[in-house]
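Numbering (the numbering used here), first residue to last: 342 to 464. A virtual CB, placed ideally from N, CA and C, is assigned to each residue, including glycine. Please read these numbers as outputs of a predicted model, since none were measured by experiment. Input: a single structure, listed below in C-alpha coordinates.
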(Lines of atoms letter the chains of each structure in order from A; the text may use other names.)
(Lines give C-alpha, C1' and ligand atoms only; values in the text may rest on other atoms or scores of the structure.)
Protein backbone atom coordinates (compact mmCIF):
# COMPACT_ATOMS: atom_id res chain seq x y z
CA UNK A 342 0.00 0.00 0.00
CA UNK A 343 1.09 3.57 -0.52
CA UNK A 344 -0.05 4.67 2.93
CA UNK A 345 0.97 3.03 6.20
CA UNK A 346 -1.76 1.29 8.16
CA UNK A 347 -1.98 1.43 11.96
CA UNK A 348 -1.46 -1.97 13.58
CA UNK A 349 -1.90 -0.91 17.19
CA UNK A 350 -2.25 2.37 19.08
CA UNK A 351 -0.21 2.82 22.24
CA UNK A 352 -0.67 5.89 24.43
CA UNK A 353 2.22 6.99 26.65
CA UNK A 354 1.81 8.96 29.87
CA UNK A 355 5.32 10.44 29.60
CA UNK A 356 7.07 12.47 26.90
CA UNK A 357 9.29 10.50 24.54
CA UNK A 358 12.99 11.47 24.84
CA UNK A 359 14.19 9.22 21.97
CA UNK A 360 12.84 6.69 19.53
CA UNK A 361 14.65 4.14 17.36
CA UNK A 362 13.83 1.12 15.19
CA UNK A 363 15.21 -1.49 12.84
CA UNK A 364 12.03 -2.47 10.95
CA UNK A 365 11.23 -5.41 13.25
CA UNK A 366 11.36 -3.58 16.58
CA UNK A 367 10.76 -0.05 17.76
CA UNK A 368 12.05 1.43 20.99
CA UNK A 369 11.14 4.48 23.02
CA UNK A 370 13.11 6.11 25.82
CA UNK A 371 11.42 8.22 28.50
CA UNK A 372 12.62 10.13 31.56
CA UNK A 373 12.18 7.99 34.65
CA UNK A 374 11.25 9.04 38.19
CA UNK A 375 14.10 6.93 39.63
CA UNK A 376 17.09 9.20 40.42
CA UNK A 377 19.59 6.31 40.18
CA UNK A 378 18.11 5.06 36.87
CA UNK A 379 16.90 8.24 35.13
CA UNK A 380 15.74 6.60 31.86
CA UNK A 381 13.08 4.04 30.98
CA UNK A 382 13.33 2.13 27.69
CA UNK A 383 10.36 0.27 26.17
CA UNK A 384 10.81 -2.09 23.22
CA UNK A 385 7.88 -3.18 21.02
CA UNK A 386 7.71 -5.68 18.17
CA UNK A 387 6.18 -4.81 14.79
CA UNK A 388 2.73 -5.97 15.95
CA UNK A 389 2.81 -3.46 18.83
CA UNK A 390 3.45 -6.04 21.57
CA UNK A 391 5.61 -4.80 24.46
CA UNK A 392 8.79 -6.93 24.55
CA UNK A 393 10.57 -5.27 27.49
CA UNK A 394 10.80 -2.34 29.87
CA UNK A 395 14.22 -1.44 31.22
CA UNK A 396 15.43 1.29 33.53
CA UNK A 397 18.99 2.47 32.90
CA UNK A 398 21.48 5.22 33.75
CA UNK A 399 23.59 5.64 30.58
CA UNK A 400 23.71 9.31 29.54
CA UNK A 401 23.56 8.51 25.83
CA UNK A 402 23.86 10.64 22.70
CA UNK A 403 23.03 7.86 20.23
CA UNK A 404 20.81 4.77 20.39
CA UNK A 405 20.14 2.10 17.77
CA UNK A 406 19.13 -1.51 17.32
CA UNK A 407 21.74 -3.74 15.70
CA UNK A 408 21.41 -7.53 15.42
CA UNK A 409 18.66 -7.69 18.07
CA UNK A 410 20.74 -5.68 20.55
CA UNK A 411 20.19 -2.10 21.71
CA UNK A 412 23.38 -0.02 21.51
CA UNK A 413 23.58 3.17 23.58
CA UNK A 414 26.58 5.46 23.60
CA UNK A 415 27.90 8.91 24.25
CA UNK A 416 31.40 10.21 23.49
CA UNK A 417 33.15 7.95 26.02
CA UNK A 418 30.66 5.34 27.28
CA UNK A 419 28.65 2.58 25.69
CA UNK A 420 26.15 -0.04 26.80
CA UNK A 421 24.57 -3.00 25.05
CA UNK A 422 21.17 -4.44 26.04
CA UNK A 423 19.24 -7.43 24.74
CA UNK A 424 15.71 -6.91 23.42
CA UNK A 425 14.51 -8.41 26.72
CA UNK A 426 16.28 -5.61 28.62
CA UNK A 427 19.27 -7.56 29.93
CA UNK A 428 22.47 -5.51 30.12
CA UNK A 429 25.10 -7.35 28.07
CA UNK A 430 27.90 -4.78 28.28
CA UNK A 431 28.67 -1.45 29.86
CA UNK A 432 32.01 0.30 29.65
CA UNK A 433 34.02 3.47 29.23
CA UNK A 434 36.51 4.22 26.46
CA UNK A 435 39.42 5.95 28.20
CA UNK A 436 41.48 6.61 25.07
CA UNK A 437 39.18 8.97 23.15
CA UNK A 438 35.71 9.74 21.82
CA UNK A 439 33.51 7.07 20.22
CA UNK A 440 32.74 7.70 16.55
CA UNK A 441 31.03 4.50 15.42
CA UNK A 442 29.94 1.09 16.70
CA UNK A 443 29.63 -1.69 14.12
CA UNK A 444 28.58 -5.33 14.48
CA UNK A 445 31.33 -7.54 13.04
CA UNK A 446 30.34 -11.06 14.12
CA UNK A 447 28.31 -13.15 16.49
CA UNK A 448 28.14 -10.96 19.62
CA UNK A 449 31.21 -8.98 18.47
CA UNK A 450 31.30 -5.23 17.90
CA UNK A 451 34.05 -2.94 16.67
CA UNK A 452 34.20 0.46 18.31
CA UNK A 453 35.96 3.19 16.34
CA UNK A 454 37.20 6.07 18.47
CA UNK A 455 39.64 8.89 17.82
CA UNK A 456 42.43 6.92 19.56
CA UNK A 457 41.99 3.79 17.41
CA UNK A 458 39.73 0.76 17.15
CA UNK A 459 38.75 -1.88 19.69
CA UNK A 460 36.64 -5.05 19.53
CA UNK A 461 34.09 -5.94 22.20
CA UNK A 462 32.88 -9.53 22.58
CA UNK A 463 29.65 -10.08 24.52
CA UNK A 464 29.26 -13.13 26.75
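- Give the range of the beta strand (DSSP E) segment to which residue 418 is assigned. Start at 1 with the first residue of the chain shown, and residue 418 comes out as number 77. Its beta strand (DSSP E) spans residues 418-423.
- Message: Please classify residue 458 as buried or exposed, where buried requires at least 16 other C-beta atoms within 10 Å of its C-beta.
- Response: Walking along the chain shown from the start, residue 458 turns up at place 117. Exposed: under 16 other Cβ atoms inside 10 Å.
- Message: Below 8 Å on the Cβ atoms is my contact criterion, and I expect residue 357 with residue 380 to pass it. Report the Cβ-Cβ distance as a whole number of Å.
- Response: Within the chain shown, the letter at position 16 stands for residue 357. Within the chain shown, the letter at position 39 stands for residue 380. Actually they do not touch by this definition, with Cβ atoms about 11 Å apart.
- Measure the alpha-carbon distance for residue 383 versus residue 392 and round it to whole angstroms. Stepping through the chain shown from its first residue, residue 383 is reached at position 42. Stepping through the chain shown from its first residue, residue 392 is reached at position 51. Using only the alpha carbons, I get a separation of about 8 Å.
- Where the beta strand (DSSP E) through residue 445 begins and ends: Position 104 of the chain shown, counted from the start, is the residue given in the question as residue 445. Boundaries of the beta strand (DSSP E) around residue 445: 439-446.
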